[in-house]
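Going by full-length UniProt numbering, the letters in the sequence shown line up with residues 1 to 366, in that order. A short worksheet on the structure shown next.
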Amino acid sequence: MQPRAPEIPNLRTTTPSQTEALLRKLLLAKDINDVHFHVLSRRSKSRVLDPRVLNANSTLLKSSSRYFADLFSSDTFPSDTAMMNVKATDKILDGVDLSEYGYESDSDLEDDADIPASPARTQVATVSDSDDRDSDTLVLEATPSLEKYYDSPQQNVSDVIGLSSRGPASVHPTWAVGGGRHIFVKDTAFQTWYCLLHFFYMGTTEFSLLKSSGLRRSGGFFCNASQVSKCSAKSMYRLATKLSIDKLRDRAFASICGSVDENNLLQELASGFTARHPAVLDMELDLLLEKIACAPIVEGLPKLMTRISRNKLSHGSDIMAGFYTRILQKHYLTQLPTPVIADTVPEFGEPIQADWLGPPEGHPFG
């Protein structure tokens, strides 16, 4: 018998077909990035700062999300969107107030304390925090222009888009090499948007542990092409909910559920994030009822109730109502009462029949 020919291994990957098409264009030296997002990356005491660039293909974005399909169907953005078109010759906004950003505790933002100090960064932080009116002027001094990159052929492209393998640069360039549409995003962190685009291109995403778990590493982010990027599940849940990307929202929600236990439940329950998302509140209240006898809950619940009684939590009444409703449903409402049918109740002023006053059958006075 002739020896059996070895089977040829199937090298087919799970890369989405749209991404494969873009990779083929890239191999043919075609420019595939026609959209450049400028996304905020850093938080100071009062502002969110440092836009960094992420590049994408508009065709892929439109096929991945109804939100982007609608967004790119017109040259103007809806009035309720947190994006704006900018030109390569414009002065990019240095940042927005924390209140305007909308998620003050976003853990996908780098904090000033997490970033190594440098003369340029120190200048940016000092001026932005002390006098917001000077921030636009400072951008021109700290941000290289497109022309500067074209005049420097040795410039590493990965450095330009903020994906250096050496870790984050002290000052992140604002503009990407190339033309196309430039969009400023003012209510989402760079890290979250990066993971959103990774999901569109690869169909996968990874989430960091919640800070309240005590297991999350501290320090700045290291966005580079040699490792899979991670973002906060809470930040992604917020973004995916806004963009109506149900699959990504559900993945983020599952990650949140898996990261909350009796040790950090009360902290998460009192968070502003929970106050903004009813589905998360319901999940945490269900877990509270389940873990009610655990030592951390027994110790911490009175403190939480005290904060609620002093109006320290905007959603305190929702916590109380949801908590007591669950207690009643579990311990007292084992059988729901039969609803009263309106047609059987005599109307006001109508003569009452004798059978309405008579005692029930078998009554001792019957």
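Backbone N, C-alpha and C define an ideal beta-carbon position, used for all residues, glycine too. Everything numeric in this text was worked out from a predicted model, so none of it was measured.
{"Asked": "Once DSSP output is grouped into helix, strand and coil, what is the label at F207?", "Found": "strand"}
{"Asked": "Per DSSP, what are the beta-bridge partners of K242 in this structure?", "Found": "For K242, which the question treats as bridged, DSSP gives no partner whatsoever."}
{"Asked": "Smallest Cα separation from R47: which of G300, S105 and H331?", "Found": "S105"}
{"Asked": "Can you grab the Cα-Cα spacing for the pair I109 / K330, in whole Å?", "Found": "Here residue 109 turns out to be Leu, not Ile, going by the sequence shown. The straight-line gap from Cα to Cα measures roughly 41 Å."}
{"Asked": "Over the uninterrupted alpha helix (DSSP H) stretch that includes C195, give me the two end residues.", "Found": "F190 to M202"}
{"Asked": "Could you give the DSSP three-state label for K45: helix, strand or coil?", "Found": "coil"}
{"Asked": "Note down the Cα distance separating P296 from E262, rounded to an integer number of angstroms.", "Found": "6 Å"}
{"Asked": "Which residues in the same chain as Q18 place their Cβ atom closer than 7 Å to its Cβ, once the five residues preceding and following it in sequence are excluded?", "Found": "L60 and S63"}
{"Asked": "Output the distance between the C-alpha atoms of G203 and G258, rounded to the nearest integer angstrom.", "Found": "21 Å"}
{"Asked": "Tell me which same chain residues have a C-beta within less than 7 Å of the C-beta of L197, skipping the five on either side of it?", "Found": "L54 and A56"}
{"Asked": "Using the three-state DSSP reduction, which class does K291 fall into: helix, strand or coil?", "Found": "coil"}
{"Asked": "Assuming the contact rule is C-beta atoms closer than 8 Å, S58 and D34 should be a hit. Round their C-beta distance to whole Å, please.", "Found": "5 Å"}
{"Asked": "Can the beta-carbon of L269 be found closer than 8 Å to that of L288?", "Found": "yes"}
{"Asked": "Taking the DSSP output, what are the residues bridged to V53?", "Found": "H38"}
{"Asked": "In this structure, what does DSSP give as the bridge partners for G95?", "Found": "L49"}
{"Asked": "I think residue 378 touches G322, with their Cβ atoms under 8 Å apart; what is that distance to the nearest whole Å?", "Found": "The structure shown has nothing for residue 378, since the chain only spans 1 to 366."}
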